[in-house]
Amino acid sequence: MKLMRGYRFRREAFKMLKAFLLVWIAAFGIEVMSDWAKGQMPSVPMLALALSALAFMLLAAALLAVDAVIQSAEQKRGTPWPDHVGDGPRQR
26 MKLMRGYRFR REAFKMLKAF LLVWIAAFGI EVMSDWAKGQ MPSVPMLALA
76 LSALAFMLLA AALLAVDAVI QSAEQKRGTP WPDHVGDGPR QR
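This note's numbering puts the first residue of the sequence shown at 26, with every later residue one more than the last.
As structure tokens, then:
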């Protein structure tokens, strides 16, 4: 299995982060609004929001650690940027 290059890992991680945040915020917004429309206090959704925010921060810390390891490995090896032809690296 090849090590994914750091720049590609970061680009994909930010795409997934944006998608996750949109779905996450929308889901809790819908839940809070539906509870509010029923006349209930939104305490349970807010507690779930706080717990999931904690889990999200732990996941972000893990991804940051993976990114740091990838960058460190690339700097130690002096990995050059690949020569690109079209969409893929040039075959040598």
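Backbone N, C-alpha and C fix where the C-beta goes; we use that ideal spot for every residue, glycine too.
Original post:
Contact check, D92 vs R35 under 8 Å by CB: the rounded distance?
Top reply: 6 Å
**OP:** Check whether the Cβ of K101 lies closer than 7 Å to any heavy atom of the ligand SAH, and answer yes or no.
**Re:** With respect to small molecules bound, the structure shown includes none, and the ligand SAH cannot be examined in it.
Original post:
Under a three-way DSSP split, which group does K63 fall into?
Top reply: coil
Original post:
With P70 and F53 assumed to form a contact (beta carbons below 8 Å), what rounded beta-carbon distance in angstroms separates them?
Top reply: 6 Å
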